[in-house]
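Line by line, the protein sequences give chains A and B. Residues 1 to 173, numbered by our numbering, are exactly what the first sequence covers, in order. Residues 174 to 346, numbered by our numbering, are exactly what the second sequence covers, in order. Beta carbons: idealized from backbone N, C-alpha and C, even for Gly. Treat the numbers as computed from the prediction; the structure is a model and nothing was measured.
2 protein chains.
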Amino acid sequence: MQLDEAKRRFIEGWGTLGSAWGVSRTMAQVHALLLVSPGALSTEDIMEQLQISRGNVNLNVRALMDWGIVRKELRPGERREFFSGEKDIHRVATLILQERRKRELQPIMRVLGEISEVEPSATATPEETAAFTQMIGSIQSFANFADRAASTLIKADENWFLSTFMKLMRPGP
Amino acid sequence: MQLDEAKRRFIEGWGTLGSAWGVSRTMAQVHALLLVSPGALSTEDIMEQLQISRGNVNLNVRALMDWGIVRKELRPGERREFFSGEKDIHRVATLILQERRKRELQPIMRVLGEISEVEPSATATPEETAAFTQMIGSIQSFANFADRAASTLIKADENWFLSTFMKLMRPGP
DNA sequence: TCAAACTTTCAATAAAAATTGAAAGTTTAT
DNA sequence: ATAAACTTTCAATTTTTATTGAAAGTTTGA
């Protein structure tokens, strides 16, 4: 396979993966393009390679910078901005985990905390209330577990990350 | 807070969480409703509680059954079908992990495998090709890691799951 | 076999999300 | 201060995705 074809396929696949995980196809494609581009790209470069508009590039590149996985690069003597993707995949994963924890895990944990305090009432039997409280409690435990796992992975340095997980993957006697 | 209000809020929150992770809001809401309903519900019950059409209920309930987190329940002497959600959250998590691994992780791994074989060409410098190969290689390693982690968690029984992760969360000396 | 009681399908419609492109805004050099 | 070279915004539009509802299909009991 030719390099260009391989890049095209990667960009397409990464876009599909993104949309399955709630990231817009184009945002994932811009990310993919920056991942496989050794140097930094200008807005025009991205427009041309992905065949999308200027506004769209600007929107998605800024979103990726919010996630911390794309950086703006300024070149002396050049007025326009260039963008480059974080190339360390471990760091990319960590940054994404961090953002998703903040944006999605924490909000649902807040809701769980609020609704876990149901008061007894005339319209619901004590059994119904108890069943609900128990279900919410078990979801809370799971969410807490996921939150702690996420924050540990985020804090961990790469070596710890790898070695702990390698142990995890090959449980001994 | 009243039980009804708490359920309403849970259904809303679960729907929001779902859409952030690429699951349709309604599918997540049907799942949430079944999670907090002690007994099994009929199509009509779901239609009424979520204010959605019959076709929509049917579609989403079948999708949830595909994921393995909702079951059809037949009652002797009743012609219509009832649906109940898997109540064990650990099992719910396991089943979702299993499906996502199959539907999303494996396809991207296939793509990575295919594009990792780039041939040298006249239109690309050897440096460009090498940079690409290296990037894809590191994504492959990460994907392999994620895949192995997922399959280990899927195979693991609950006790192992909890205890391993609890150790992971409190690393000793 | 028929008809009642359901479930499923799917073309049409509605709703949501992404995209465009042109105008407005900003920065820099002269 | 002005103009050139950019970036950003946002209302309008397009595209995608979800939803409806009525018709078709299926199962069951008499």
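Nearest-angstrom Cα separation, counted from residue j out to residue i
| i | j | result |
| --- | --- | --- |
| B:E292 | A:E5 | 11 Å |
| A:D66 | B:A329 | 36 Å |
| B:S324 | A:E81 | 43 Å |
| A:L35 | A:K7 | 10 Å |
| A:I11 | A:W21 | 15 Å |
| A:V70 | A:V30 | 10 Å |
| A:D17 | B:A319 | This sequence places Leu at residue 17 of chain A; Asp is not what is there. One C-alpha to the other measures close to 14 Å. |
| B:P344 | A:E78 | With a pLDDT of 45 at B:P344, under the threshold of 50, the modelled position of that residue is not reliable, and no figure is offered here. |
| A:V23 | A:W14 | 10 Å |
| A:S53 | A:L41 | 15 Å |
| A:A32 | B:Q175 | 47 Å |
| B:I288 | B:T306 | 9 Å |
| A:H90 | B:M308 | 12 Å |
| B:R276 | A:P76 | 46 Å |
| B:L285 | A:A93 | 17 Å |
| A:A131 | A:R9 | 49 Å |
| B:S192 | A:K72 | 30 Å |
| A:E128 | A:A28 | 44 Å |
| A:I154 | B:L326 | 20 Å |
| B:G241 | B:A322 | 21 Å |
| A:G137 | B:D261 | 12 Å |
| B:F256 | A:E117 | 27 Å |
Buried or exposed by the 16-neighbour rule on C-beta atoms within 10 Å, applied to residue i
| i | result |
| --- | --- |
| B:G212 | exposed |
| B:L247 | exposed |
| B:P346 | For B:P346, the predicted structure reports a pLDDT of 38, less than 50, and the residue's modelled location is therefore unreliable. A value from the coordinates is still provided. With fewer than 16 Cβ atoms within 10 Å of its Cβ, B:P346 is classed as exposed. |
| B:S210 | buried |
| B:G258 | buried |
| B:E217 | exposed |
For residue j and residue i, believed in contact at Cβ under 8 Å, the rounded distance
| i | j | result |
| --- | --- | --- |
| A:T26 | A:N58 | With a Cβ gap of about 12 Å, A:T26 and A:N58 do not count as contacting. |
Decide yes or no for the touch test of the segment 306 to 321 of chain B against the segment 43 to 53 of chain A: beta carbon pairs closer than 8 Å, at least 3 of them. In this structure the segment 306 to 321 of chain B does not touch the segment 43 to 53 of chain A; the number of beta carbon pairs closer than 8 Å is below three.
The segment 268 to 287 of chain B / the segment 50 to 64 of chain A touching (three or more Cβ pairs under 8 Å): The segment 268 to 287 of chain B makes no contact with the segment 50 to 64 of chain A, as fewer than three CB pairs between them are under 8 Å.
Between the segment 296 to 313 of chain B and the segment 265 to 278 of chain B, do at least 3 Cβ pairs fall closer than 8 Å? Under the three-pair Cβ rule at 8 Å, the segment 296 to 313 of chain B does not count as touching the segment 265 to 278 of chain B.
Only counting runs of 4 or more residues, tell me where the alpha helix (DSSP H) segments fall wholly within the segment 78 to 104 of chain A, in order along the chain. Listed in chain order, the complete alpha helix (DSSP H) runs (minimum 4 residues) inside the segment 78 to 104 of chain A are 89 to 100.
Continuous alpha helix (DSSP H) assignments of at least 4 residues falling wholly in the segment 178 to 225 of chain B: Fully contained in the segment 178 to 225 of chain B are the following alpha helix (DSSP H) runs of length 4 or more, in chain order: 198 to 208 and 216 to 223.
Mind pulling the alpha helix (DSSP H) runs of 4 or more residues that sit fully within the segment 275 to 324 of chain B? DSSP runs (the alpha helix (DSSP H)) wholly in the segment 275 to 324 of chain B: 279 to 288.
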